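In the working numbering, the protein residues as written are 48 to 608.
Glycine residues also receive a C-beta, built at the ideal position from the N, C-alpha and C atoms.
Since this is a predicted model, take the numbers as computed values, not measurements.
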RNA sequence: GCGCCUGUAGCUCAGGGGAUAGAGCGCCGGCCUCCGGAGCCGGGUGCACAGGUUCGAUUCCUGUCAGGCGCACCA
């Protein structure tokens with residue numbers, strides 16, 4: 048675990064604070080506290096390797112011109128570390144630090160040494176985090192929205208794991224409630240139809256062909272013996288059969304998508320185990336529940352929500368919300384310090400009252416974080432495809448993987464911010480699959496593998512980093528590549544802190560671009576032995592970083608393409 | 001009407017309190033006697049509009065306009 052960029056930033060920040068203190072003791076700068084300043088890599092490389100805005104922030108409290116403050120600070124810096132080559136004051140008052148040209152190359156041996164762990168950071172300090180995602184109704188197939196949730200949730204979980212959290216991936220199975228009733232009625236209608244009886248799938252039921260398939264499967268297994276049974280018994284048997292079938296299908300599709308869960312949590316189990324009742328009793332005891340028109344209501348308005356919410360209907364059946372309250376209580380009772388839910392935008396109205404419920408349960412509502420992802424709009428043949436369970440017309444995750452490919456599909460979802468309204472053009476994703484950015488990144492990896500393979504075939508042996516002097520790497524592309532490699536741990540930390548996988552996607556694309564540029568300008572295997580050694584390790588470090596980053600997005604790192 | 005998300009290049013989207021705002025696609029030119037051309041190099045008058053905070057705003061705040069999604073004793 049090492050982050051050379053972070054080490055330098057912290058070192059420079061310490062030096063600057065020291066300079067400010069020294070200047071203060073000489074009465075050159077009089078301020079009562081150190082402002083919250085930054086030490087960052089400037090966008091323009093002409094502005095040095097690192098720059099700070101400290102002088103500009105001090106100007107006002109110190110009543111001095113920013114550049115004057117900068118001058119004083121620079122003069123009062125303790126002896127510069129040897130690796131700082133030059134310090135300049137520029138622009139409105141930035142202090143720019145120029146480091147020795149090869150500082151970035153120090154990252155290379157570290158990367159080789161840490162290998163598959165390069166990029167791991169300690170941000171999470173082992174905190175227990177749960178990421179719940181997809182959690183689709185098990186009454187149907189997974190659609191594009193679920194696919195986005197799967198790609199995002201899995202990647203967020205992987206990034207948090209890499210950033211030092213103890214992560215649990217969980218799928219909440221909505222195997223209770225009204226949609227299960229509807230599911231049963233729809234199955235029953237198909238079953239009866241197959242047996243030549245008059246029956247209608249309810250208007251708001253499930254009309255997809257998969258329901259018919261389930262009914263057929265049930266018929267093959269059980270025959271017509273449920274024709275004579277009571278409807279309740281019939282529907283129970285149908286639901287039990289179809290649900291098991293659906294859930295295992297969902298598991299398989301997600302596995303094929305590269306998504307593995309630690310826990311599959313049944314909503315029904317909360318009812319059966321009395322946890323829903325226990326949670327409601329607890330809230331009742333705390334005074335957050337009242338009765339009105341024979342229904343029980345949660346006082347969401349006490350927690351800043353617009354209106355109160357029904358938890359038990361007049362007919363005595365608890366709502367989905369009641370189960371969700373019990374579920375979240377269960378999560379916190381399991382010891383999760385952070386609970387992250389990935390939800391579609393159509394559920395955003397649920398966020399405020401859920402947080403209210405968490406607070407009512409006596410937990411910190413900030414411990415519940417909800418990543419709201421905007422909806423996916425699907426285009427096919429230049430037209431919007433409306434996804435609807437009623438008509439049974441939607442593109443499934445399975446079809447998506449078949450048509451577009453797992454890696455391309457996952458990258459497409461994860462390369463964009465969850466906040467972006469995603470237009471997914473199926474034809475484009477298919478027809479241009481060779482131009483898909485994911486291949487650009489994977490190609491960089493395969494290309495490096497090819498070089499290393501070739502070197503091995505020539506009888507070459509990978510050098511030990513300690514035996515190589517990286518000062519020989521002087522070319523602009525070499526240094527830019529090494530610089531980018533050094534950034535990886537910081538990118539992981541930032542992606543984790545912001546729950547933003549798209550940052551990793553962008554980083555990898557940029558890294559791959561630098562590799563390709565380097566590759567097209569310079570040869571790795573040359574007649575200069577020293578140079579060859581250094582470049583071999585440079586590309587090997589790049590390969591490791593690409594592979595680790597691709598892993599965070601759930602993508603493969605192929606050695607050949 | 002109220003709430004959440006979004007308005008950045010022709011298109012799809014990154015980025016984000018700082019010094020000259022990026023990528024992909026598309027379009028136009030170049031680059032293989034040489035480790036993989038799924039590649040490289042070059043070509044750009046763009047932050048919806050109006051106020052405000054700030055030394056500094058495309059970024060933060062308020063409002064306007066436009067689009068998406070919610071506002072059930074569904075989940």
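Look at residue i and residue j and say whether their C-beta atoms are less than 9 Å apart.
{"i": "residue 352", "j": "residue 400", "result": "yes"}
{"i": "residue 67", "j": "residue 97", "result": "no"}
{"i": "residue 487", "j": "residue 560", "result": "yes"}
{"i": "residue 312", "j": "residue 330", "result": "no"}
{"i": "residue 155", "j": "residue 529", "result": "yes"}
{"i": "residue 265", "j": "residue 238", "result": "yes"}
{"i": "residue 234", "j": "residue 258", "result": "yes"}
{"i": "residue 566", "j": "residue 494", "result": "yes"}
{"i": "residue 84", "j": "residue 111", "result": "no"}
{"i": "residue 309", "j": "residue 217", "result": "yes"}
{"i": "residue 292", "j": "residue 261", "result": "yes"}
{"i": "residue 403", "j": "residue 347", "result": "yes"}
{"i": "residue 120", "j": "residue 104", "result": "no"}
{"i": "residue 274", "j": "residue 249", "result": "no"}
What span of residues does the beta strand (DSSP E) with residue i cover, start to end?
{"i": "residue 313", "result": "310-313"}
{"i": "residue 177", "result": "175-179"}
{"i": "residue 98", "result": "97-99"}
Does the Cβ of residue i have 16 or more other Cβ atoms within 10 Å, making it buried, or fewer, making it exposed?
{"i": "residue 31", "result": "No statement about residue 31 is possible, as the shown extent of the chain runs from 48 to 608 and does not include it."}
{"i": "residue 332", "result": "exposed"}
{"i": "residue 302", "result": "exposed"}
{"i": "residue 374", "result": "buried"}
{"i": "residue 182", "result": "buried"}
{"i": "residue 72", "result": "exposed"}
{"i": "residue 594", "result": "buried"}
{"i": "residue 587", "result": "buried"}
{"i": "residue 536", "result": "buried"}
{"i": "residue 511", "result": "exposed"}
{"i": "residue 437", "result": "Note on residue 437: pLDDT 48, under 50, position unreliable in the model; the coordinate value appears next. Answer is exposed; the Cβ neighbour count stays below 16."}
{"i": "residue 545", "result": "exposed"}
{"i": "residue 206", "result": "buried"}
{"i": "residue 185", "result": "buried"}
{"i": "residue 548", "result": "buried"}
{"i": "residue 462", "result": "buried"}
{"i": "residue 164", "result": "exposed"}
{"i": "residue 80", "result": "exposed"}
{"i": "residue 425", "result": "buried"}
{"i": "residue 57", "result": "exposed"}
{"i": "residue 337", "result": "exposed"}
Residue range of the alpha helix (DSSP H) that residue i falls in?
{"i": "residue 610", "result": "For residue 610 there is no data in the structure shown, the boundaries of the chain being 48 and 608."}
{"i": "residue 579", "result": "576-599"}
{"i": "residue 535", "result": "523-544"}
{"i": "residue 399", "result": "396-407"}
{"i": "residue 158", "result": "154-161"}
{"i": "residue 70", "result": "51-72"}
{"i": "residue 117", "result": "113-122"}
Return the bridge partner residues of residue i from the DSSP annotation.
{"i": "residue 470", "result": "424"}
{"i": "residue 391", "result": "420"}
{"i": "residue 130", "result": "According to DSSP, which records beta bridges pairwise, residue 130 is partnered with nothing at all."}
{"i": "residue 136", "result": "142"}
{"i": "residue 517", "result": "Note: residue 517 sits in no beta bridge, so no partner."}
{"i": "residue 431", "result": "426"}
{"i": "residue 415", "result": "386"}
{"i": "residue 87", "result": "98"}
{"i": "residue 443", "result": "190"}
> Can you list the beta strand (DSSP E) stretches of 3 or more residues lying completely in the segment 194-254, in chain order?
Replying inline: Inside the segment 194-254, DSSP marks whole beta strand (DSSP E) runs of 3 or more residues at positions 213-220, from first to last along the chain.
>> Give the list of continuous alpha helix (DSSP H) stretches no shorter than 4 residues that lie fully inside the segment 449-508.
In response: 453-461, 473-478 and 484-504
> Curious, which full-length beta strand (DSSP E) runs of at least 3 residues does the segment 329-392 contain?
Replying inline: 336-339, 342-345, 356-359 and 385-391
> Which parts of the segment 269-308 are runs of the alpha helix (DSSP H), unbroken and 4 residues or longer, counting only runs that do not cross its ends?
Replying inline: 278-303
>> My parser needs the alpha helix (DSSP H) runs of 4 or more residues fully inside the segment 544-573; what are they?
In response: 548-568
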